[in-house]
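Working notes for the structure below.
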Amino acid sequence: MTVSVLAPLPGRVFALADVPDPVFAQQMVGSGVALEPARDQGHLTVVAPIAGKILKLHPHAFVIFGEKATGVLVHIGIDTVKLEGKGFTLIASEGDIVAAGDPVVSFDPAFIDTTGYSAICPVVVMDSKPDTVESPSVGEEVKTGDILFDWSA
132 MTVSVLAPLP GRVFALADVP DPVFAQQMVG SGVALEPARD QGHLTVVAPI AGKILKLHPH
192 AFVIFGEKAT GVLVHIGIDT VKLEGKGFTL IASEGDIVAA GDPVVSFDPA FIDTTGYSAI
252 CPVVVMDSKP DTVESPSVGE EVKTGDILFD WSA
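If you want the working numbering, it's the 1-based position in the sequence shown plus 131.
Have a look at this one:
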């Protein structure tokens, strides 16, 4: 079974190796890609990349557990946990059942830029083997809801 993982926000797609955090760059959490958020739209609404249950929800990150035991992590920025929720607004709640494209959290990437942290957003299939996600859109701009990559569960 193949699961289409949608872009949870608009931006430019990067390889995880380009993320300024060794945990993501070395794919310790799993394989995936990262998005450098668009800055021309102000506050961005981050949406569920797959349908499923919000297993974990923090202002800076969330995990959705979908079909075939596929968990997808969206991490909004690098080291943004240190902001203790400042600059983020939760829209959904932990435990919610969501459809792909449902809003989960909003934030302002320009605010993150002022903190000295990176606003790049890794999108990772949890516990997947390194280099098992291939995205045809690396280097390209995507819109919220575009297919970011397909995952064979």
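For every residue, glycine included, the Cβ atom is placed at its ideal position computed from N, Cα and C.
Uninterrupted beta strand (DSSP E) stretches inside the stretch 182–246 (no shorter than 3 residues) = 183–189, 192–196, 202–206, 219–221, 234–238
Contact check, Glu272 vs Arg170, beta carbons under 9 Å = no
The alpha helix (DSSP H) enclosing Val154, as first and last residue numbers | 153–156
Quick one: what's got a C-beta closer than 8 Å to Ser162's C-beta in the same chain, skipping five residues either side?
-> Leu147, Val255, Val256, Ser259, Lys260, Pro261, Asp262, Thr263, Val264
Look at the alpha carbon of Ile278 and the alpha carbon of Val136, and state the distance between them as a whole number of angstroms.
-> 6 Å
Excluding the five sequence neighbours on either side, which residues of its own chain have a C-beta within less than 6 Å of the C-beta of Thr176, listed in chain order?
-> Pro234, Ser237
Near His174, what residues of its chain come up, given a Cβ to Cβ distance below 6 Å and the 5 sequence neighbours on each side ignored?
-> Ser237, Asp239
Rounded Cβ spacing between Thr201 and Ile181 (contact assumed at less than 8 Å) = 7 Å
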